[in-house]
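Comments concern the structure below.
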Amino acid sequence: MKKSLRLQIIVIYTILTVVNLTFVAVMIFENQTDLLISNFTLESDRVAREILKKIESFGNVDYQNSSQIDEFQSKLFSIGLSNFSVLEIEDSSLGKTRTLLSNGAVSPFSDLKSKLSKISSAKAALNTSYDIELDTDQFIVHLIFFLNPKTFLITEIKMREMIDRLRSLYIQLGLLLIWGFAFQIFFGIFLYRKIFIRLFLLKEVSETMATGDLRARVSWKQNAQDELDVLGNTFNGMAEQIASQFDALHLKNTQIQTELEIGKNVQECFLPGKRKQFHLIRAEIHYKPMREVSGDIYDIIEINENRTAFFLADATGHGVSAALITSIIHYNMLDILKETINPAEILNRLSENLFETLQGTFFATGIFFLFEKEGFAYFCSAGHNPIYYFRKSKKTILSLNSTGFVLGIGIPDPYQVLKIKTEPGDKILIYTDGILDAESPAKEQFGDDRLLETFQKYAELPSEELMSRLNADLHSFADRFPDDVTFGILEIS
Numbered sequence: 001m002k003k004s005l006r007l008q009i010i011v012i013y014t015i016l017t018v019v020n021l022t023f024v025a026v027m028i029f030e031n032q033t034d035l036l037i038s039n040f041t042l043e044s045d046r047v048a049r050e051i052l053k054k055i056e057s058f059g060n061v062d063y064q065n066s067s068q069i070d071e072f073q074s075k076l077f078s079i080g081l082s083n084f085s086v087l088e089i090e091d092s093s094l095g096k097t098r099t100l101l102s103n104g105a106v107s108p109f110s111d112l113k114s115k116l117s118k119i120s121s122a123k124a125a126l127n128t129s130y131d132i133e134l135d136t137d138q139f140i141v142h143l144i145f146f147l148n149p150k151t152f153l154i155t156e157i158k159m160r161e162m163i164d165r166l167r168s169l170y171i172q173l174g175l176l177l178i179w180g181f182a183f184q185i186f187f188g189i190f191l192y193r194k195i196f197i198r199l200f201l202l203k204e205v206s207e208t209m210a211t212g213d214l215r216a217r218v219s220w221k222q223n224a225q226d227e228l229d230v231l232g233n234t235f236n237g238m239a240e241q242i243a244s245q246f247d248a249l250h251l252k253n254t255q256i257q258t259e260l261e262i263g264k265n266v267q268e269c270f271l272p273g274k275r276k277q278f279h280l281i282r283a284e285i286h287y288k289p290m291r292e293v294s295g296d297i298y299d300i301i302e303i304n305e306n307r308t309a310f311f312l313a314d315a316t317g318h319g320v321s322a323a324l325i326t327s328i329i330h331y332n333m334l335d336i337l338k339e340t341i342n343p344a345e346i347l348n349r350l351s352e353n354l355f356e357t358l359q360g361t362f363f364a365t366g367i368f369f370l371f372e373k374e375g376f377a378y379f380c381s382a383g384h385n386p387i388y389y390f391r392k393s394k395k396t397i398l399s400l401n402s403t404g405f406v407l408g409i410g411i412p413d414p415y416q417v418l419k420i421k422t423e424p425g426d427k428i429l430i431y432t433d434g435i436l437d438a439e440s441p442a443k444e445q446f447g448d449d450r451l452l453e454t455f456q457k458y459a460e461l462p463s464e465e466l467m468s469r470l471n472a473d474l475h476s477f478a479d480r481f482p483d484d485v486t487f488g489i490l491e492i493s
């Protein structure tokens, strides 16, 4: 599964945006609420002092006189108090009180007894005539005012200004978050338009070029002339150079292919062609170069009506270099054959000439058969794979092994010649190691044992059918041929 850089950046960018805005909002909220509570505390004390000052200006009040109580209540309304109670202490030891005046619901003080005792003591010692209890959640100020030694005023004030400021803080934080998210979104769109669109264009054009369309180019409005514009121009310049080099290589490759095709045609001129019947043998040959030209070469030469020669060579490697070597070998073999028909002499001189020409840098294996009308064949092998001879009369297979070193090695070693009695219908399986190296999909090689087993199974069939079966078994087994493949049947006529 491919990972999308765009998706990764969006996820990371979103997470960072949320974390950043949350952190800023929390810090601002905590700072502003701390400041708001400090202001609430100071403002509460200021309001308490103002109320106390106004209450003291009312003068002495007889709280047992109902008319004075009513007048006191009106004055409390006039200074802005709406929720209040006037309490009289009946038993200070028990904290038992009696309500003289009440208007609205007043939230009770926590531990009223200790509060009353505290304010009485403070009045006597410090001339402080009130006590405050703050509700910072609701921004409500609970106040107790000392009226006389036994009478107290309890009231509460909701600081609406603080509530409004808190509400305003929430609104401002909301606007901050909205603006923050909007800014991040617009900034993300800006990045996408300025960076990612151009990167995606580069990616798409790169993928198009990877499919073989080397004419693809990136194109966008280059107003900024920033790094990505420079990158786009550099990319197009690089693509232009690649296309130019590719065209040059394609032209060169076409020329090489043409030359290889010519080389193939020239090399095929050395082969016997489609002719199958000769004076003393019938030949069925399968010849398949790995590339246009081959490192395998074979020839059938009718020396005269009584003698026919067969030559097969396999140069090391494949392709042009191997084809050139086999051309040298074939030319030398034909030249030597004009002077001698002895298989050992031919291979010996061929090996010497190859060593002198190539200085031991290239080698080849080879075999030479000389068939005579009298019913004999003379065989010589220069480091080649075993050649299998099927004797029809006895239904047996002989293995004709190498009788000397490979060609071109530069080591003097007279080749031995095997003399074989031949009969009509006998068959010889000739091949190069390309058939042995053929690989199955499981990377298993066809190998010498499988080749011999296949030959044994079909040896009694006519040569043409035998070759057809061999070829079918080979291609049903192998799907890869890493070397030139040559194999065939020589049948004694």
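Quick note: the sequence shown uses the UniProt record's numbering, first residue 1, plus one each step.
A virtual CB, placed ideally from N, CA and C, is assigned to each residue, including glycine.
Every value quoted in this text rests on a predicted model; they were computed, and no experiment measured them.
Check the Cα spacing between Glu-268 and each of Ile-256, Asn-253, Asp-296, Leu-249: the tightest is with Asp-296. If you draw a straight line from the Cα of Leu-280 to the Cα of Phe-368, it comes to about 15 Å.
In summary, Met-27 is exposed, with fewer than 16 beta-carbon neighbours lying within 10 Å of its beta-carbon over all protein chains present. Membership of Ile-197 in the alpha helix (DSSP H) is indicated by the continuous run 197-210. Of all C-beta pairs linking the region 160-173 to the region 60-79, fewer than three are shorter than 8 Å, placing the two stretches out of contact. Assignment of Gln-225 by DSSP, reduced to helix, strand and coil, places it in the coil class. Asp-164 counts as exposed, since fewer than 16 other C-beta atoms from the protein chains shown sit within 10 angstroms of its C-beta. Fewer than three beta-carbon pairs drawn from the region 395-409 and the region 443-451 are found closer than 8 Å, and the two stretches are therefore not classed as touching. Proximity of the region 475-490 to the region 415-434 meets the contact definition, three or more beta-carbon pairs being nearer than 8 Å. Between His-318 and Phe-270, the CB-CB gap reaches or exceeds 8 Å.
Counting along the chain, the unbroken beta strand (DSSP E) around His-286 starts and ends at 281-288.
By the beta-carbon neighbour count (other beta carbons within 10 angstroms, threshold 16), Ser-440 is exposed. Closest by C-alpha distance to Glu-259, out of Val-293, Gln-222, Thr-340, is Val-293. Unbroken alpha helix (DSSP H) runs of no fewer than 4 residues, entirely contained in the region 422-492, are found at 447-458, 463-477, following chain order. With distances taken between CA atoms, Val-485 lies nearest to Asp-314 out of Gln-255, Ile-55, Asp-314, Lys-54.
Around the Cβ of Asp-335, a 10 Å sphere holds fewer than 16 other Cβ atoms; the residue is exposed. With fewer than 16 other CB atoms across the displayed protein chains lying within 10 angstroms of its CB, Asn-65 is exposed. Within the DSSP secondary-structure output, Gln-277 pairs in a beta bridge with Arg-282. For the options Ile-79, Gly-232, Ile-256, Gly-383, the alpha carbon positioned closest to that of Ile-197 is the one of Gly-232. Per DSSP, reduced to three states, the secondary structure at Asn-60 is coil, with no helix or strand assignment. In the structure shown, the three-state DSSP call for Thr-365 is strand.
Burial check for Phe-310: the Cβ neighbour count within 10 Å reaches 16 or more, so the residue is buried.
A distance below 8 Å separates the beta carbons of Ser-381 and Leu-400. Taking C-beta atoms as the reference points, Arg-215 and Asn-236 fail to come closer than 8 Å. CA-CA distance, Lys-288 to Glu-207, rounds to 37 Å. Bounds of the beta strand (DSSP E) holding Leu-134 are 130-135. In the structure shown, Glu-339 adopts coil according to DSSP, grouped into three states. Per DSSP, Phe-187 is one residue of the alpha helix (DSSP H) stretching across 160-191. When only Cα atoms are considered, Gln-32 and Leu-169 end up about 8 Å apart.
The three-state secondary structure of Lys-395, taken from DSSP, is coil.
The Cβ-Cβ distance between Phe-145 and Leu-134 does not fall below 8 Å. Comparing alpha carbon positions, the residue from Leu-176, Thr-155, Arg-98 closest to Val-24 is Leu-176. Per DSSP, Asp-213 has no beta-bridge partner at all. For the pair Leu-100 and Tyr-63, the CB atoms are nearer than the 8 Å cut-off. A residue is called buried once 16 or more other Cβ atoms fall within 10 Å of its Cβ, and Thr-396, having fewer, is exposed. Collapsing the DSSP output to three states places Tyr-415 in coil.
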